[in-house]
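For reference, the structure is listed below as structure tokens.
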Amino acid sequence: MTIVDYLVTDARVGDPADRFFDRLAEVFDTLADRGTIFEVVERSETDNHIRVSWMDFRSGAAVRMWDDRRVSVRYLELRAADVQQLGELRVCLAAGLGLPTRASVIARARAAPGDPAAIMRTAYAAGPRADDQTISIVEAALQHPSAGVRDVGAYAAGVLAWPELRPALKAQLAREDDPAVTTSLRRAISMLGA
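Read in order, the letters of the sequence shown are residues 27 to 220 in my numbering.
Here it is as structure tokens:
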């Protein structure tokens, strides 16, 4: 079983000269001293994203850095075999990289409720359990006058996959008139499971 978690970053993923990569190398050195040795396994670029992946081949732990161009958000995807290893990765990366705080991510989303990047940063900064702040931001996005923002709200709900978002998704689906948003809403509902 693999456990997945996310951390929001401001790094310029496509720019290897970004100071972030120096700090990331320092974090990986610290983790190597503890027995988790990350090696670059992939760099891919499409019209929609840039992704750089590192893996510890002994444990299967992985760190993937994403620049999701669709919604202008950059984040780290952490993968580990157990909660303890995931926690260690999260703590080391958060401490060593100077990542945005959850409070600052929430504040930005509240200040700019129609900003797709702020909505998605909120989703990726959320923990594994549903919380009222994130739910209110996603629900507001689902009801926004702009179809593009509603689409991003559905995307965020799918990333979160919290059953608590099902009523808001179904309510918006019942009144949605944009075909692309309808498709995104259905996809998000399906990601919540039965």
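Think of the CB as a built atom: it goes at the ideal place given N, C-alpha and C, for glycine as much as any other residue.
Could you tell me whether the region 110-118 touches the region 149-167, using the rule of 3 or more Cβ pairs below 8 Å?
no
Reducing DSSP to helix, strand and coil, say where Arg-69 ends up.
strand
In three-state terms, what does DSSP make of Lys-30?
Per the sequence shown, the amino acid found at residue 30 is Val instead of Lys. The answer is strand: DSSP assigns Val-30 an E or B state.
According to DSSP, Ser-79 sits in a beta bridge with which residue or residues?
Glu-68, Arg-90
Can you name the start and end residues of the alpha helix (DSSP H) that Leu-123 belongs to?
109-123
Closest to Arg-84 by C-alpha separation, out of Ile-145, Pro-171, Ile-63, Phe-47, would be which residue?
Comparing alpha-carbon positions, the option among Ile-145, Pro-171, Ile-63, Phe-47 lying closest to Arg-84 turns out to be Ile-63.
Pick from Arg-176, Leu-195, Gly-124: whose alpha carbon is nearest that of Arg-49?
Gly-124
In whole angstroms, what separates the C-alpha of Leu-218 from that of Ala-182?
If I take the Cα positions, the gap works out to 12 Å.
For Ser-70, count neighbouring Cβ atoms within 10 angstroms of its own Cβ and tell me buried if that reaches 16, exposed if not.
exposed
Could you tell me which residues DSSP pairs with Tyr-101 in its beta bridges?
In DSSP, Tyr-101 forms a bridge with Val-34, Trp-92.
Report the residue from Thr-72, Trp-92, Pro-205 whose alpha carbon sits nearest the alpha carbon of Tyr-150.
In terms of CA proximity to Tyr-150, Trp-92 leads the group Thr-72, Trp-92, Pro-205.
Give a yes or no on whether the minimum CB-CB distance between Phe-46 and chain C is below 8 Å.
Any reference to chain C falls outside this structure, which holds one protein chain only.
Just how far apart, CA to CA, sit Gly-153 and Leu-168?
20 Å
Assuming contact is defined by CB atoms lying nearer than 8 Å, are Ala-106 and Leu-115 in contact in what I supplied?
Going by C-beta atoms, Ala-106 is nearer than 8 Å to Leu-115.
I think Glu-36 touches Pro-126, with their Cβ atoms under 8 Å apart; what is that distance to the nearest whole Å?
One point to set straight first is that residue 36 is Asp, not Glu, in the sequence displayed. 6 Å between Cβ atoms; contact.
Is Ala-106 helix, strand or coil when you go by DSSP?
strand
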